[in-house]
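Right, one structure below, let's go through it.
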Amino acid sequence: MLNRVRSAVAHLVSSGGAPPPRPKSPDLPNAPLAQTAAPPEAPRSPPARAGSAAPAKTVEARASFSRPTFLQLSPGGLRRADDHAGRAVQSPPDTGRRLPWSTGYAEVINAGKSRHNEDQACCEVVYVEGQRSVSGAPREPSQGQGLCFYYWGLFDGHAGGGAAEMASRFLHRHIREQLKDLVEILQDPSPPPLCLPSTPGAPGSSDSSHLVGPQSCWSSQKEVTHESLVVGAIENAFQFMDEQMARERRGHQVEGGCCALVVVYLLGKVYVANAGDSRAIIVRNGEIIPMSREFTPETERQRLQLLVRVYDLRQYEHCPDDVLVLGTDGLWDVTSDWEVAATVDRVLSAYEPNDASRYTALAQALVLGARGIPRDRGWRLPNNKLGSGDDISVFVIPLGGPGSYS
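Here the sequence shown stands for residues 2 to 407, where the numbers follow the numbering used here.
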């Protein structure tokens, strides 16, 4: 057990260490993602303009026309979503098939600051098939059952929508890849806390050879827990995504960058990872719990450091009005945490607790409140201050978990 844990987690808990490179996927050029038995994902909403395949330099233009698949937008719907003058709020259709956990979602395009909506969003249930390692042989699929995690992501594109589009397609796959080696360990209900021995030459190891022995620990005294393993996997996935973007930017001229705000629910805990100026808060019984902070790195070292916060759902008995709100900066530029909490209370109190559409209504209310209404001098809030002219995207996730209220 100890050797298996050491093998799986050494690169996750080392200081700045990166895992060994993975084989290139045959269906994902230049991407460190392996083949998976999971079913293929549905394509994104089709482009608003028809046409033949474009050369590589137009990848950015084509990607910026697409919207999240779960919006199920027709070509006409895509044109309305791309209208800067009307700025109609878009949400998934109320067709009976809802997002996981009855999650609410709403978005609106900017007031003209960029040609298209540069935000992207993703909401998935992802299956992770475990792998077993045989000495001297490649890793093979485990015979046991795998794990599922729930995934939500908001991606705010800058200087183009290509990077946000790419991250929305691939980041959850990188997370899945990083979790494969950990499935058996995470399924162990009570693994002992471990302190891994120093490895000479490893990142974060000490040159003090007299301290290294069979029972000695790293000088950092890092305790290996389920939580730390998942955090490390998410951090590595972000780094792999960053590297993939750099390759694609060189090879296909996908322009721009993006902020990423991601939520992973796995084994009773919610992991919130933020790289950028998007924000997440929990509103629980009227209390506001910040789950992210603005992350605008100034150095390369800071850029590779990811801020992850963890919330244990099992420690509280949540009611249907307890939610996790994710928003891009278009929301938070004009809306305070307290204003969001007040909107949560006002909107949800108007719906029955078992009405799953209440979370979509809340997401729409938050987007509308930040957008404002059109007046002679632009989009204005009720207090006549300027509304948000940026793209606005919002997820509202009920904290009761899957199927609690639907």
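Note that beta-carbon positions come from the ideal geometry of N, C-alpha and C, so glycine has one too.
Note that this is a predicted model, so its numbers are computed, not measured.
>> Assuming Phe171 is part of the alpha helix (DSSP H), what are its boundary residues?
In response: 163–180
> Near Gly379, what residues of its chain come up, given a Cβ to Cβ distance below 8 Å and the 5 sequence neighbours on each side ignored?
Replying inline: Ala112, Leu387, Gly388, Gly390
> Under a three-way DSSP split, which group does His227 fall into?
Replying inline: helix
>> Taking its Cβ as the centre, do 16 or more other Cβ atoms sit within 10 Å of Lys114, making it buried, or is it exposed?
In response: exposed
> Quick one: complete alpha helix (DSSP H) runs, 4+ long, within the segment 256–316?
Replying inline: 301–304
> What separation, rounded to the nearest whole angstrom, lies between the Cα atoms of Asn275 and Thr104?
Replying inline: 19 Å
>> Let me check you understand the geometry: is the CB of Gln132 closer than 7 Å to at least one non-hydrogen atom of the ligand PLP?
In response: The model depicted lacks the ligand PLP and carries no ligand whatsoever.
> Quick one: what's got a C-beta closer than 6 Å to Gly373's C-beta in the same chain, skipping five residues either side?
Replying inline: Trp380, Arg381, Leu382, Gly388
> Using the beta-carbon count (16 or more within 10 Å), is Leu183 buried or exposed?
Replying inline: buried
>> Using only the alpha-carbon positions, how far apart do Ala366 and Gln245 sit?
In response: 36 Å
> In the DSSP assignment, what residue or residues form a beta bridge with Ser394?
Replying inline: Glu108
>> Strictly by DSSP, which residues pair up with Gly77?
In response: Paired residue(s): none; Gly77 is not in a bridge.
> Going by Cα to Cα distance, which pick from Ala357, Val368, Arg376 is closest to Pro399?
Replying inline: Ala357
>> Per DSSP, what are the beta-bridge partners of Ala122 in this structure?
In response: Leu155
>> Please report the distance separating the alpha-carbon of Asn385 from that of Leu369.
In response: 14 Å
>> Could you compute how far the alpha carbon of Leu268 sits from the alpha carbon of Ala364?
In response: 26 Å
> Between which two residues does the beta strand (DSSP E) carrying Gly328 extend?
Replying inline: 324–328
> If you draw a straight line from the alpha carbon of Cys259 to that of Gln121, how long is it in whole angstroms?
Replying inline: 10 Å
> With distances taken between CB atoms, is the gap from Phe396 to Trp153 smaller than 8 Å?
Replying inline: yes
> Anyone know if the C-beta pair for Glu108 and Ile393 falls short of 8 Å?
Replying inline: yes
>> Which of the three DSSP states is assigned to Val129 in this structure?
In response: strand
> Start and end of the beta strand (DSSP E) containing Arg359?
Replying inline: Per DSSP, Arg359 belongs to no beta strand (DSSP E); it is in the alpha helix (DSSP H), 359–372.
> To the nearest angstrom, how far is it from the Cα of Val126 to the Cα of Arg376?
Replying inline: 41 Å
> Of the residues Leu314, Glu256, Tyr106, Asp95, which one's Cα is nearest the Cα of Met167?
Replying inline: Glu256
>> Can you look up Leu400 in the DSSP assignment and give me helix, strand or coil?
In response: coil
>> In the DSSP output, what is Trp380 paired with across the bridge?
In response: Pro375
>> I believe Thr336 touches Asp157 by the beta-carbon criterion, under 8 Å. Please report the beta-carbon distance rounded to the nearest angstrom.
In response: No, Thr336 and Asp157 are not in contact; Cβ-Cβ is about 15 Å, not under 8 Å.
>> For a quick check, are the C-beta atoms of Gly162 and Glu119 less than 8 Å apart?
In response: yes
> Helix, strand or coil for Leu187 per DSSP?
Replying inline: helix
> Among all the DSSP beta bridges, which residues are the ones paired with Leu349?
Replying inline: Leu349 pairs with nothing; no bridge assigned.
>> Am I right that Leu314 and Val271 are in contact with their C-beta atoms under 8 Å? What's the rounded C-beta distance?
In response: 6 Å
> Taking C-beta to C-beta, are Val309 and Glu224 nearer than 8 Å?
Replying inline: no
> Hey, how far is the Cα of Leu325 from the Cα of Arg251?
Replying inline: 37 Å
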